[in-house]
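Protein chains in written order, with my numbering: chain A, 1 to 387; chain B, 1001 to 1373; chain C, 2001 to 2273.
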Amino acid sequence: MAKIELIGVTKRFGKTTALNNVTLEVHDKEFFVLFGPAGAGKTTLLNNIAGIQIPEEGMVKIGGQIVNQVDPAERNVAMVFENYALYPHMTVYDNIASPLRSPRYKKDEGYIKDAVQRVAALMKIEMLLERLPSQLSNGQRQRVALGRALVREPNVFLMDEPLAHLDAKLRNHMRSELKEMQAAFATTSIYVTHDFMEAMSLGDRIAIINNGEIVQLGTGDEIYYMPCNEFVAQLMGDPEINLLSCRLVKGDGGYSVVWDEAPEHRMFMPANNALFDRFEKLSRADIHMGIRPQNAHYHFEPVEGAIRGTVYAFETIGNKSVLTAQIGDTHLRMIAPNGLPVNLDQDVYVTFDIDRAIFFDAGSTEYIGRFDEAAIRELAAAQAKEA
Amino acid sequence: MAKLTLKNLYKRYDNSGKKHKTVNNFAVNDLNLDCRDGEFVALLGPSGCGKTTTLRMIAGLEDITKGEIFIGDRLVNNLHPKDRHIGLAFEDYAMYPPLTVYENIAFNLRAKKVDKAEIDRRVREIAKLLRCEELLNMMPVKLSGGQKQRVNIARAIVRRPELLLMDEPLSHLDGKMRQAMRVEIKRLHNEIECTSVYVTHDQLEAMSLADRIAIMDLGVLQQFGTPMEVYDDPVNEFVAAFIGEPPMNILKTKVIKHEGEFFFTFEESNLRILVPRRYYNKVSDGMLVKMGVRPMDLYIGGADSKGTPERVAMFENLGDERRIGVRVGDNLMMLITEDETRYRQGDVIRLEVNGEKTHLFDIETGDRIRSGQ
Amino acid sequence: MTAQKRLYSILKNAGLAIYAIFALFPLLWMVLLTFKSDAEMLTTTFVFHPTLVNYEEVLLKTDYFRYIKDSIIVAGGAVIISVLAGVPAAYALARYNFKKKEDIAFQILSFKFAPEILVVLPLYMIYDKLGLYDTYFGLIWVYQLISMPLIIWVVRGYFEDISVEIEHAAQVDGYSWWQIFFKILVPLIRPGLVASALLCFIFAWNSFTFPLLLAGIKIEPITVAATKYLAQNTVHYGQMAVAATFSALPSIIFAICIQKHLVRGLSFGAVKG
């Protein structure tokens, strides 16, 4: 049993506040992802749990015990560092064996040998055991670092951007491998990342952190479909969500929206009382409509209700491409298949799946709602039950 | 503006074999390349494949061991770089630090003694094109990475080169900036239509920018074609594995015949995948071959599927798509779908392949085995 | 092309050979002197009658080995003190942020700036008053002024190259600070520590001004003792050459042993990766 609780944790470095009154609970055996931009305080949070840093205010609890005054060596946490932090003068074998040779977790050499072999097999680095870290590729070093953390049975497993320094191909591959191994961890894990795909793929739950504060907490689906504000919506998704400045128009017993860049097009909304009630309460008529790139569609012929623009860019992001249309001063990203025959600056007609749109308050940038919110809440509830 | 022709180009270093794996110390080995007037060509390959050496030979910064380089109809083998009418934009932005951006851009024109009013007109025109007008009076140290690269490119094209050479100009930039600059370079090329050669190791960059991509490995040109040609119709295993993200699943397989139908089978796995019909005259019972299929071209079969039931080893929900991994021996076979179904580790699915998009490679040479005649 | 390259290589090697002769000739000449009798001392030909009489005079008839012992004690003592105090100082300068950190670091280095002759006179007065004059401790104390800055600056660079996460990782792995220091950090700074310590030893060994003025009666390091062969009215060049040759031996032996370490150890960044 090792749940982790942070209660009102504040950490300052001189005049800057790295963590501001963070309260957080990570369940036992949960794979928890901390996701945020660079400098948000993710690593600081991890260091405070590991005991490498000590908060100025607040409490850190591991397994119900307050550990503020406990040395890192006594907290029984394992950590993977962004730069791997392997001991350069030790072989891979000795690196992995190191925790089991420390006075705190001392085991006999026979046990160590078995344990190292076990994690080496798990990490597929059996043939590297005699090498020095300098003789390894980045991907291999990363596996050794994971192995060193996995070799004993810690209360908590902390990972600080372990995939950040790998190239895109290897990063995707390692992320999938990590996902597959996840079941084998069976330990409370906290994983720090600034990569949307890692957060989405790996996290049982995700905490979005920005400027030292937790902005939103929930499952991947919850945050992806119901981001609490525009910042989170932009962070969760690659390519980034399109945010369109619109005006709400009421009439005919329902609502429609008009995008500022295309005032002649009135987009009618399907009836949805829950959402319309929230619109009623808004103090202003302007609104931001968030359209994910896969919910905007391009046509090369005029289509009923489509908005005309020109092709600004077309580029592949791997298994698919992004077509960027310029409409007025706005660049609108849409998913397209690879190899679409398209010329820059040619005409393009755009339609939206308005029933998949996410609406934000134009003033506060906070989440208002979406049409299929009920279905998503149901999905989230089912996921929570399963976990 | 001119076309570029490389004829049987060789580059041999005395000791290059020590640094990179090359065939007989040839950093570039019998390279033939024809770039059309106004075309954007990417030289793509892993580090040490000879792409930068090739570019440097075109620029005249490197001796040519053997072969000929034509810019337009001029043989330039023995011309000094400054006489080749080329513009260079390299990885490390070598700007003159004590000069303003304006003077940096104007530097080459001044060296050529172009008339003052003309210089001013051209600098401002280029600055407008590259959207760096507001930077003109700044010093290079004050610029961000993206701005420096913009100025760097401005400097390369201000002398109206016949050929623009770029060597990984974006490799120092971080993700977002890089993507933005990529779009700008593409749009710039669309506007000035200058024949361009662009060296990169990033296949996404090459796929997004280039009209045609020349893929090199160990100094040898592997394939030269449009992005879609190299993506959909790779000539060998190297190209197939290098292009595409996530990469193509390439697995060693043994073909077996069962009740008149051929199946791919795999070592240490009971996975069976039906061989597409079009390969039936190429495969035989017991044949060893490599099968390649992109993650998007794998499907989850319905109840009537002839594929074997397989356990889901890995399921990732990535928001707009879902990735499913199935263990095949040591390999994780990936499948990407936009289907909204959520799977869990251990769920059973049946795999099928899109026959049109499946490739076979020779087990020894890695060469493509094509279907049909 | 190749002919040009060959010519270039010949010229380059010839240049290096000339420089090597220029640099090594005094040493060679010194060794030759040790085998010459006083009568032949000033001839400049390489033809002479080799004799071992100088060796006999110096090694058997004087206190030569006592001088060597003195040199070893003071130079060795200085290096040991510098290592014991310098390594923690270097660690602190590399890892902790405190007020005036860079000023202190520079201050330490600045000990090496002043010409020895400048500080030696006030030191003489102080030593005389404190009773440190002509003691082992006195000499060790002044020698560490030479060796400490070098050790601190070299080792600090090494500590800075070790990412702080490595220490964090070891903490999390269950090691205490002292165990981390000896198990992880010391092995990583060893090349720099060995190289700088040996270099310090050589500097201290070769030091002349300090022992000449701050010792010389009870304690006579070899450099000072060598001057004894400048007798009142005659100069025994041969004997001096023997003394000098022997005193140079440790430096030469060390230099050969640690050649690899010296080059690698004094160039920072050797532990990255």
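Built from N, CA and C at the ideal position, the CB exists for glycine as well. This structure is a prediction, so every number in the text was calculated from the model and none was measured.
- What P302(A) touches in chain C, judged by beta-carbon distance under 8 Å, is nothing: the nearest beta carbon there is about 58 Å away.
- Sequence-distant Cβ neighbours of K2260(C) in its own chain, meaning closer than 8 Å and more than five residues away, do not exist here.
- Taking every protein chain shown into account, the CB of E315(A) has 16 or more other CB atoms within 10 angstroms, so this residue is buried.
- Between L100(A) and I112(A), the C-beta spacing is below 7 Å.
- Within the same chain, Cβ atoms closer than 6 Å to the Cβ of L1288(B) are found at K1254 and I1363, the five residues on either side in sequence being excluded.
- V2235(C) counts as exposed, since fewer than 16 other beta carbons sit within 10 angstroms of its beta carbon.
- Per DSSP, reduced to three states, the secondary structure at V1235(B) is coil, with no helix or strand assignment.
- Short of 8 Å from the beta carbon of N1032(B), and not among the five residues preceding or following it, lie these beta carbons of its own chain, in chain order: L1006, K1007, N1008, L1009 and L1221.
- The C-beta of I52(A) comes closer than 7 Å to at least one C-beta of chain C.
- Taking the CA atoms as reference points, R1150(B) sits about 7 Å from C1132(B).
- Burial is judged here by how many other beta carbons sit within 10 angstroms of a residue's own beta carbon; C246(A) has at least 16 and is buried.
- In the three-state reduction of the DSSP assignment, G1145(B) falls in the helix class.
- Bridge pairing for F359(A): M289(A) and G369(A) [DSSP].
- Boundaries of the alpha helix (DSSP H) harbouring T1053(B): K1051 to A1059, taken from the DSSP string.
- DSSP places L2059(C) in the helix class (H, G or I) of the three-state scheme.
- Non-local beta-carbon contacts of Q326(A) in its own chain, meaning distances under 6 Å to residues more than five positions away in sequence, involve G309, T310 and Y312 in chain order.
- Linking A18(A) to N338(A) through their CA atoms gives a straight-line distance of about 42 Å.
- Within 8 Å of the CB of G339(A), the CB atoms of chain B belong to P1227, M1228, Y1231 and D1232, in sequence order along the chain.
- When the five nearest sequence neighbours on each side are left out, the beta carbons in the same chain lying within less than 6 Å of the beta carbon of G1325(B) are those of A1313, M1314, L1332 and M1334, in order along the chain.
- Rounded to the nearest whole angstrom, the C-alpha separation of E1229(B) and Y1279(B) is 20 Å.
- Nearest in C-alpha terms to K2183(C), of all of I317(A), F279(A), S102(A) and V92(A), is S102(A).
- Taking 7 Å as the Cβ-Cβ cut-off, the region 340-359 of chain A approaches chain B at L344, given in chain order.
- Cβ atoms of L150(A) and L122(A) come within 8 Å of each other, at about 7 Å.
- K61(A) and F157(A) have their C-alpha atoms roughly 15 Å apart.
- Residues of the same chain with a CB within less than 8 Å of the CB of V144(A), apart from the 5 flanking positions on each side, are Y84, L86, V92, N95, I96, M123, I125, L128, P133 and L136 in chain order.
- About 44 Å separates the beta carbons of A2075(C) and Y2008(C), which is beyond the 8 Å limit, so they are not a contact pair.
- For chain A, the residues of the region 1320-1344 of chain B that bring a beta carbon within less than 9 Å of one of its beta carbons are D1320, E1321, R1323, G1325, R1327, D1330, L1332, M1334, I1336, E1338, R1342 and R1344, in chain order.
- Residue burial annotation: V1183(B) is buried, with at least 16 other C-beta atoms found within 10 angstroms of its C-beta.
- Counted as a single uninterrupted DSSP element, the stretch harbouring N1281(B) is not any beta strand (DSSP E), since DSSP gives it neither H nor E.
- If one requires a minimum length of 4 residues, the alpha helix (DSSP H) runs lying completely within the region 2199-2253 of chain C are 2209-2214 and 2222-2225, in chain order.
- Scanning H1201(B), R1121(B), K1306(B) and I1369(B) for the CA closest to the CA of E1259(B) turns up K1306(B).
- A Cβ-Cβ separation of about 6 Å places N68(A) in contact with I54(A) under the 8 Å criterion.
- Counting only runs of at least 4 residues, the region 2101-2146 of chain C fully encloses the following alpha helix (DSSP H) elements, listed from N- to C-terminal order: 2101-2110 and 2116-2130.
- Where F279(A) is concerned, the enclosing alpha helix (DSSP H) starts and stops at N273 to K281.
- Residues of chain A with a Cβ closer than 7 Å to the Cβ of S2163(C) are, in chain order, N83 and A85.
- The alpha-carbon of Y2136(C) is positioned some 8 Å away from that of I2073(C).
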